[in-house]
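Taking it in order: structure first as structure tokens, then the write-up.
Protein chains: 2
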Amino acid sequence: MSATVVEVEKVEKMKNKPEDDQLGFGKYFTDHMFVMEYCDETGWGNPRISPYEPITLDPAAVIFHYGQTVFEGLKAYRTNDERILLFRPDMNMKRMNKSCERLSMPPIDEAEVLDYLKQLISLEKDWVPSSEGTSLYIRPFIIATEPFLGLAPSKQYKLVIILSPVGSYYPQGIQPVDIKVEEQYTRAVRGGTGMAKTAGNYCATFNAQSTASKQGFSQVLWLDAIEKKYIEEVGTSNVFFKVNGEVITPELTGSILPGITRMSVIEMLRSWGIPVSERKISIDEVYEYHQEGALEEVFCTGTAAVISPVGAFEWRGTSININDKQIGDVSRRLYDTLTGIQTGKIADPFHWTTEVK
Amino acid sequence: MSATVVEVEKVEKMKNKPEDDQLGFGKYFTDHMFVMEYCDETGWGNPRISPYEPITLDPAAVIFHYGQTVFEGLKAYRTNDERILLFRPDMNMKRMNKSCERLSMPPIDEAEVLDYLKQLISLEKDWVPSSEGTSLYIRPFIIATEPFLGLAPSKQYKLVIILSPVGSYYPQGIQPVDIKVEEQYTRAVRGGTGMAKTAGNYCATFNAQSTASKQGFSQVLWLDAIEKKYIEEVGTSNVFFKVNGEVITPELTGSILPGITRMSVIEMLRSWGIPVSERKISIDEVYEYHQEGALEEVFCTGTAAVISPVGAFEWRGTSININDKQIGDVSRRLYDTLTGIQTGKIADPFHWTTEVK
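Listed in order, the protein sequences are those of chains A and B.
My numbering applies: residue 950 is where the first sequence begins, and numbers increase by one.
My numbering applies: residue 950 is where the second sequence begins, and numbers increase by one.
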């Protein structure tokens, strides 16, 4: 909280704000953005809020050639009494630094950047939508900007925070989705960058995702790269299985993104007395549990959907339906409680939310 | 060769050209660059040569968030009789399209872009240096530019070609290098993006490379991600082992970049009657061959160094020296022949070079 109030250059003419039902995801951006720069000699500096405007980089900037970059994603929610809440933003700052470490990038001062982020949201508070399920998506990212084609970490970086009002993930109410188990492509492997939120992990999944979409699936389930057996993630979400009353989620082995919703779900389930285990779980095992009638619920967790129930899996030509393609009780309770806390509708016994003044 | 002459906007004031002995790698850029753009509705268009100038992108451009991008690297050489030669540039265009396919990006017209590339080099021909070992490095790259945070292939792209005069890789003559076998980090895995020339593959290696450099090694040797046993690449080069008169190089399994120098070395060795096999080769095997006195030479291949002999490996605390840390006969002959062909000093029986008029 030691950060000073940043310099603000306001836009001359504000944009028209879209209607809540037109928002979608990541299409509209607010009037301002936050920027700060790093160079090896002086560290991070020049923090400022400017009009939302293009980024201008030398064509030899490292980001364009070697992809040195990290990002985060979190949301601001408007409460019924017009307060603005953030959900565990300190965890995003912490994870951003973990990602930076893997990508050979300089760390940020977590408290300072969080304070800047709040100043930006405070300025843009009219952009936080209020309809059910809407929020202001916050995208901090750091890009390597040094104009040098040698293979080495950049000596210059730019940290940018942009804001995008986003619509409800479930405009028609929650619908459990069909998931294809991906056999050909791989998302990540031990010793790689899977645990970091970095650009290269995402473009690598477009191919598999496009093919699955054409086949009528909502997302793909990623298996481990080594044995093509153990479950890692679904799309860009973490995944949970309720089996005989116990909830199981893949343990963080280095190739799985440590989701903040994932972490919150584990803590919440434990607070409810529901056993949770973080361990390896194979796709064979999931099919066996289903065969035995023990597979009660499957759901994914992430910032975008919060909780996304899985209705069916397709693996090597065999489909299984989960809980008759209905949302399960635990999934529903998690969704209602998490979104209730996020939007200030219910009490926050975990102290997960932070108000933006 | 059907491409028309592109529109050229010339710089008003040309830069001072650096001295050949100051060049280094990827630090200096020429006066002009080539740019063309793609959008889903109209395809590739608006090809032009402009002054070398910053690229201006929306902060939500896909490249910054999901790293959708591919690149290539090749060189132009000045001959003693002042001609400018390219080395197998058609292969770079072909590989660029292979990379595009993996990254869900639209293909380019290979012949057309090659023709544009030649027009740019022709305009910048005074930038091609002439000292021994120098060349003009050519960096074509395509970046995803659509301002959209949804996880989907971009609908807009920019193709850019920049040129950088580069110094000799061996200003003090060829020195075999010490290589550390990397055990912790991983470069690529089957089903991933290892065979594509895309940014995310490169930033992922900075950590391992920095650690190895601090320990006094020139590069790391990458093992396969699955068994951590089979040899894949060295740094960003392909690698060859001469064992009992036979040359062995790892087969292209999907996680190894299909190098154009690699391909040329295989063809050249075969033309000389030296047996070459592309197959799996494990690090244990290499150490056994050394033990038996059968490991005669090891060398890496790539656009930057052409041929880079390996002097020693370090793996799990055991070092082995190769050929008394001297460059071997085959490595030397390959280097002399390849660089001789590239610079027009010797005949080109393979028809690998193309002149830029």
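Don't be surprised by glycine CBs; every beta carbon is placed ideally from N, CA and C.
Asked                                                                                                                                                                               : Found
For the beta strand (DSSP E) containing M985(A), list its first residue and its last residue.                                                                                       : H981 to C988
Tell me where the beta strand (DSSP E) around G1260(B) begins and ends.                                                                                                             : V1255 to W1264
So with Cβ pairs under 8 angstroms, would you call C1049(B) a contact of chain A?                                                                                                   : no
Just the chain A side, please: which residues come within less than 7 angstroms of K976(B) by C-beta, in chain order?                                                               : F1097
Would you report the Cα separation of E1200(B) and Q1164(B), rounded to the nearest angstrom?                                                                                       : 29 angstroms
Name the chain B residues whose beta carbon is nearer than 8 angstroms to that of I1012(A)?                                                                                         : I1012, F1013 and A1148
Should the region 975-983 of chain A be regarded as contacting the region 1095-1114 of chain A, the criterion being three or more beta carbon pairs within less than 8 angstroms?   : yes
Run the CB neighbour count on A1009(A), radius 10 Å, all protein chains shown included, and call it buried at 16 or more, exposed below.                                            : buried
Can you list, in chain order, the stretches of the alpha helix (DSSP H) that have 4 or more residues and sit fully within the region 977-1054 of chain B?                           : 1011-1015 and 1038-1051
Could you check whether I1180(B) and V1192(B) sit closer than 8 angstroms to each other, using their CB atoms as the reference points?                                              : no
Between the C-alpha atoms of V1126(B) and A1254(B), what's the straight-line distance to the nearest angstrom?                                                                      : 12 angstroms
Measure the alpha-carbon distance for V954(B) versus K1074(B) and round it to whole angstroms.                                                                                      : 16 angstroms
Does chain A have any CB closer than 8 angstroms to the CB of D1075(B)?                                                                                                             : no
Verify the CB distance criterion: does L1069(B) have a CB-CB separation below 8 angstroms to chain A?                                                                               : no
8 angstroms is my cut-off, CB to CB: does S1231(A) come that close to chain E?                                                                                                      : Looking for chain E here will not work: the only protein chains present are A and B.
What is the rounded straight-line gap between the Cα of D1039(A) and the Cα of K1067(A)?                                                                                            : 12 angstroms
Does the distance between the C-beta of Q1105(B) and the nearest non-hydrogen atom of the ligand ZN fall short of 7 angstroms?                                                      : Inclusion of the ligand ZN in the displayed structure is not the case, the ligand content being empty and no account of it being possible.
DSSP beta-bridge partners for E1304(B)?                                                                                                                                             : L1034(B)
Who are the neighbours of D1007(B) on chain A, taking C-beta pairs under 7 angstroms?                                                                                               : P1003
With a threshold of 8 angstroms, are at least 3 pairs of Cβ atoms found where one atom belongs to the region 1014-1025 of chain B and the other to the region 1044-1056 of chain B? : yes
Interface residues of chain B around T1135(A) at Cβ under 7 angstroms?                                                                                                              : V1138, R1139, G1140 and G1141
Quick one: using the 10 Å Cβ neighbour count with 16 as the cut-off for buried, is Q1133(A) buried or exposed?                                                                      : exposed
Can you name the residues that DSSP bridges to E1131(B)?                                                                                                                            : W1171(B)
Rounded to whole angstroms, what is the Cα-Cα separation between A1145(B) and E1176(B)?                                                                                             : 22 angstroms
Going by beta-carbon coordinates alone, are I1232(B) and L1172(B) separated by less than 8 angstroms?                                                                               : yes
Keeping to the same chain, check which residues put their C-beta closer than 7 angstroms to that of K966(A); ignore five residues upstream and five downstream.                     : W1076
Is K1163(A) helix, strand or coil when you go by DSSP?                                                                                                                              : helix
Can you give the Cα-Cα distance for T1135(B) and L1170(B), rounded to whole angstroms?                                                                                              : 10 angstroms
Starting from the beta carbon of A1161(A), find every residue of chain B whose beta carbon is closer than 7 angstroms, and list them in chain order.                                : The premise fails here: A1161(A) is roughly 12 angstroms from chain B at the closest Cβ pair, so nothing lies under 7 angstroms.
Using the rule of at least 16 other Cβ atoms within 10 Å of the residue's Cβ for burial, across every protein chain shown, is G1251(B) buried or exposed?                           : buried
Within 8 angstroms (strictly less), CB to CB, does P1207(B) reach chain A?                                                                                                          : no
If we define contact as Cβ-Cβ less than 8 angstroms, is Q971(A) a contact residue for chain B?                                                                                      : no
Closest to F1090(A) by C-alpha separation, out of M1042(A), G1122(A), E1131(A) and S1084(A), would be which residue?                                                                : M1042(A)
In whole angstroms, what separates the C-alpha of G1022(A) from that of A1137(B)?                                                                                                   : 26 angstroms
Given a limit of 8 angstroms on CB to CB distance, which residues of the region 1017-1040 of chain A reach chain B?                                                                 : Q1017, T1018 and F1020
Taking only three categories from DSSP, how would you classify Y1086(B)?                                                                                                            : strand
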